[in-house]
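Top line first, the protein sequences correspond to chains A and B. Under our numbering, the first residue of the first sequence carries the number 1, and numbering increases by one thereafter. Under our numbering, the first residue of the second sequence carries the number 1, and numbering increases by one thereafter.
2 protein chains.
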Amino acid sequence: MSRWAPVVWDGRVKLIVEELAMGSSAPAVLVIDDEMQIRRLLRAALQARGWRVMEADGGQLGISEVALGRPDAVILDLGLPDMDGVDVVRRLREWNRVPILVLSVRDSAEEKVRALDAGADDYVSKPFNTEELLARLRAIQRRGDPGSDGPEFVSGVLQIDFAAREVRVGGRRLGLTRIEYAVLKTLARNAGKVVTQRQLLREVWGPQGDDCSNHLRVHLAHLRTKLSAAGFDRNRIQTETGVGYRLIE
Amino acid sequence: MSRWAPVVWDGRVKLIVEELAMGSSAPAVLVIDDEMQIRRLLRAALQARGWRVMEADGGQLGISEVALGRPDAVILDLGLPDMDGVDVVRRLREWNRVPILVLSVRDSAEEKVRALDAGADDYVSKPFNTEELLARLRAIQRRGDPGSDGPEFVSGVLQIDFAAREVRVGGRRLGLTRIEYAVLKTLARNAGKVVTQRQLLREVWGPQGDDCSNHLRVHLAHLRTKLSAAGFDRNRIQTETGVGYRLIE
DNA sequence: ATGCTGTCTTAATGCTGTCTTAATGCGAAT
DNA sequence: ATTCGCATTAAGACAGCATTAAGACAGCAT
């Protein structure tokens, strides 16, 4: 099948194309808000500016979503039903430095001070101007994360520096194509665990990217060949027949 | 000039004396505002919280003060008499990444977007709540300064002086156009890492500057030609197809 | 205003490298 | 034995890239 079989040329498809153009590494933002209307509004605005948008409707879910999805920024509504918003900030800051923009209906100085001192990077009162919010989001996201230098994934001879998009095997740089890198990145992020084919397909070809499983096999073969040529044991990418693949730690 | 030869007892000298008095280890903030009342108010509040305070009453002076005094944060009033505040931000950002909190009497979204996209880190409207402003200052200052240990970049034969906007290859000066310089600067600031096309496009053509990818290619070709003509290995600007570019360290 | 200079944009070309497609062979499960 | 899923390879299609040249444009000095 061709990737250009989709019948509709809607926003979703356009997004996929854009993601592909960016090596599927478009910055992701997590919106934590219990009001669906706000989430919808933000999703539309953010996607229009090239963000990948994730959503959570509660604090608990939001925190786990940060852990799982590793967003590049977080928009957090303080008025969540399940827990205090400032506590969410605090909990996140215990282990994560992702930029956090706090939203709130309250406009009091004390509230702002509380949130900012808990570790939030900016505070915007509702109702907000969308353009301003986007600009503020850009501002806090622009100032990258200082504390992340060097390879973030190391396992034997294989090391991956996600920030630099660089893969090394035994110290030697490896040139990977967009798709090969995306596949390896996903496997590495879930090292030891089985990554389903669907998961890989979505990572590379987007939500509509099922029935590209043959492509996946081809690229995996290339990936294995390149890795093993550089001294990486080819068998460390295991095939779980009918399920997916696993990178042995 | 010797620090203890000053003929005039002006603000700068006063500042030095204060630095000595504070042991000069406290974080410094530069307040750029033409209204003396505001400066006094801020000075009192900031000093009470342990900041070392520097002052400038105009944009020109403020910029040179940033260069000389290397403050850890800047509070900048947009409504300066001698130049447009947003321009001050822009000028500072050409070579410096110090956190900037912008103050303004104007509360319009456009103004905020302009200032933030120019490189400011936060925007507070006057009249402001002092506690909130201090909390915001802490928030932007907390998120340290990642990539600027000095305005110099050196890697092999290539050296860039961001302050002077000067590029040298093997000591010889290189004349670059605005766009060429902006591209090289961005690559250098992220040396070793892949800089996405979108990132470069935004750096040069602003936030809505997508769909200029062809221009980018043209200017990159010029840049590579100029660099290699001066003795810089052309391959040290790598292309990551479909993703972006990387300057090899 | 006018012309000059250097920069930016636009467009066209050929090319490189990546992705897709399809064909073949293998092995495990039915 | 047959079928299904997977690995591998090779070849062609295609997107994205590099490069060049020419025209538009802005900035600047006259």
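Backbone N, C-alpha and C define an ideal beta-carbon position, used for all residues, glycine too. Bear in mind that the values here come from a model prediction, so they are computed numbers and not experimental data.
Distance CB(residue i)-CB(residue j) smaller than 8 Å
i	j	result
glutamate 240/A	valine 194/A	yes
glycine 252/B	leucine 76/B	With chain B covering 1 to 249 only, the question about residue 252/B has no answer from this structure.
arginine 31/B	arginine 39/B	At residue 31/B the sequence reads valine, which differs from the arginine that was named. Cβ distance < 8 Å, so valine 31/B and arginine 39/B count as in contact.
leucine 80/B	glycine 58/B	yes
aspartate 211/A	arginine 198/A	no
valine 154/A	alanine 182/A	no
arginine 173/A	glutamate 166/A	yes
serine 104/A	leucine 133/A	no
aspartate 72/B	proline 27/B	yes
valine 169/A	alanine 230/A	yes
leucine 187/B	leucine 227/B	no
glycine 192/B	glutamate 152/B	no
leucine 184/B	leucine 201/B	no
threonine 196/B	glycine 242/B	no
valine 53/A	glutamine 60/A	no
asparagine 129/A	alanine 115/B	no
phenylalanine 232/A	leucine 158/A	yes
tryptophan 95/B	alanine 163/B	yes
histidine 219/B	isoleucine 160/B	no
Those residues which DSSP pairs with residue i across a bridge
i	result
alanine 73/B	Val29/B
valine 88/B	Answer is none; valine 88/B lacks a bridge partner.
arginine 244/A	A small correction: the amino acid at residue 244/A is glycine; arginine does not occupy that position in the sequence shown. In the DSSP output, where bridge partners are listed per residue, glycine 244/A has Thr196/A, Glu240/A.
arginine 52/A	Ala28/A
glutamate 152/B	Asp161/B
Assigned secondary structure, residue i (DSSP; H/G/I helix, E/B strand, else coil)
i	result
valine 102/B	strand
serine 125/B	strand
glutamate 65/A	helix
aspartate 57/A	coil
asparagine 235/A	helix
arginine 142/A	helix
glutamate 94/A	coil
glutamate 249/A	coil
methionine 36/B	helix
alanine 230/A	coil
aspartate 107/A	coil
leucine 78/A	coil
alanine 120/A	coil
arginine 43/B	helix
glycine 23/B	Unreliable placement is indicated for glycine 23/B, whose pLDDT of 42 sits below 50; no coordinate value is reported for it.
Anticipated Cβ contact below 8 Å, residue i with residue j, distance rounded
i	j	result
aspartate 122/B	arginine 136/B	5 Å
leucine 101/B	valine 124/B	6 Å
valine 88/A	glycine 62/A	6 Å
glycine 119/B	arginine 90/B	7 Å
Discussion item. Please give me, in chain order, every unbroken run of the alpha helix (DSSP H) with length at least 4 that falls completely inside the segment 155-224 of chain A.
Written reply: 178-189, 197-205
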